[in-house]
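Below is one structure, written out as C-alpha cells; comments come after it.
Numbering (the numbering used here), first residue to last: -12 to 138.
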C-alpha cells in the first residue's frame, strides 16, 4: 500500500509556556477546551523543566476566538499563551512505517531540503504529521510527495 497524504488547512498552533508539569492540570486544560466544543488536532508536551512544561496543541482557525477567551484566563497563573494562526497540517499515513526504519527521516530530510518552516511534529507508528506555515505549505507538500514517490 502506498503512503497516503492528507492536508488540513486553516490551523492555529497554541503553546502554553510555563504550564505546571502536573498531568492533572494538563488534563483539566483539555477538558475545558472540550467543554467549549473545540476539536484539538495535534498535542505535544515539552520535556519537564523543574515544575513547568510547555503544552502545544492545534485547533482550527475558526476556534481561535473561543480559545483566546480561555487562554487569557490562564495568564494570571503565569502561563504564557503563544498563538500562531495560518498554518496547515500535512499528515502522512503508511502502515509500513511501523516496520520500516527511516521513513520519518526521509520526510524530514525532504522538507529540510526546501527550508520548510515546521512548527510542530507529531508521530505514531504509522503516521507522521507536520504543522507548517501556510507560506511553506506548497513547497513542503511537493517535497514530501516527491520523496514518497521516489520509493
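Note that beta-carbon positions come from the ideal geometry of N, C-alpha and C, so glycine has one too.
Worksheet item: For the 8 Å Cβ check, are there 3 or more pairs between the region 10 to 17 and the region 87 to 101?
Response: no
Worksheet item: According to DSSP, which residues form a beta bridge with residue 68?
Response: Indexing the chain shown from 1 puts residue 68 at position 81. The partner list for residue 68 (beta bridge, DSSP) reads 3.
Worksheet item: In angstroms, rounded to a whole number, what distance separates the CA positions of residue 55 and residue 8?
Response: Here the question's residue 55 lines up with position 68 in the chain shown. Here the question's residue 8 lines up with position 21 in the chain shown. If I take the Cα positions, the gap works out to 22 Å.
Worksheet entry | residue 122 versus 18, 71, 108 and 50, residue with shortest Cα-Cα distance | Here residue 122 is taken as the residue at index 135 of the chain shown, counted from 1. When each option's Cα is compared against that of residue 122, the closest is 71.
Discussion item. Whole angstroms are fine: how far does the CA of residue -2 sit from the CA of residue 94?
Written reply: Looking up residue 94 in the chain shown gives position 107. Looking up residue -2 in the chain shown gives position 11. Using only the alpha carbons, I get a separation of about 21 Å.
Worksheet item: Taking the DSSP output, what are the residues bridged to residue -2?
Response: If you number the chain shown from 1, residue -2 lands on position 11. DSSP, once it has assigned bridges, lists 47 and 74 as partnering residue -2.
Discussion item. Taking a contact to mean a Cβ-Cβ separation below 8 Å, would you say residue 1 touches residue 58 in this structure?
Written reply: By one-based count along the chain shown, residue 1 stands at place 14. By one-based count along the chain shown, residue 58 stands at place 71. It is a contact, given that the beta carbons lie within the stated cut-off.
Discussion item. Applying the 10 Å Cβ sphere with the 16-neighbour rule, what's the burial state of residue 96?
Written reply: Sequence index remark: in the chain shown, residue 96 carries index 109 (1-based). Exposed, by the Cβ-count rule.
Fill in: Cβ-Cβ separation, residue 44 to residue 29 (assumed contact under 8 Å), whole Å
Within the chain shown, numbered from 1, the residue matching residue 29 stands at position 42. Within the chain shown, numbered from 1, the residue matching residue 44 stands at position 57. The pair is a contact, with the Cβ atoms about 6 Å apart (cut-off 8 Å).
Worksheet item: Under three-state DSSP, which class holds residue 119?
Response: As a working note, residue 119 is residue 132 in the chain shown. In this structure, residue 119 counts as strand in the three-state DSSP scheme.
Worksheet item: Can you check whether the CB of residue 77 is closer than 8 Å to the CB of residue 5?
Response: The residue given as residue 5 occupies position 18 in the chain shown. The residue given as residue 77 occupies position 90 in the chain shown. Cβ distance not < 8 Å, so residue 5 and residue 77 don't count as in contact.
Item to complete: May I have the straight-line CA-CA distance separating residue 119 from residue -8, to the nearest angstrom?
Response: The residue given as residue 119 occupies position 132 in the chain shown. The residue given as residue -8 occupies position 5 in the chain shown. For residue 119 and residue -8, the distance between alpha carbons rounds to 14 Å.
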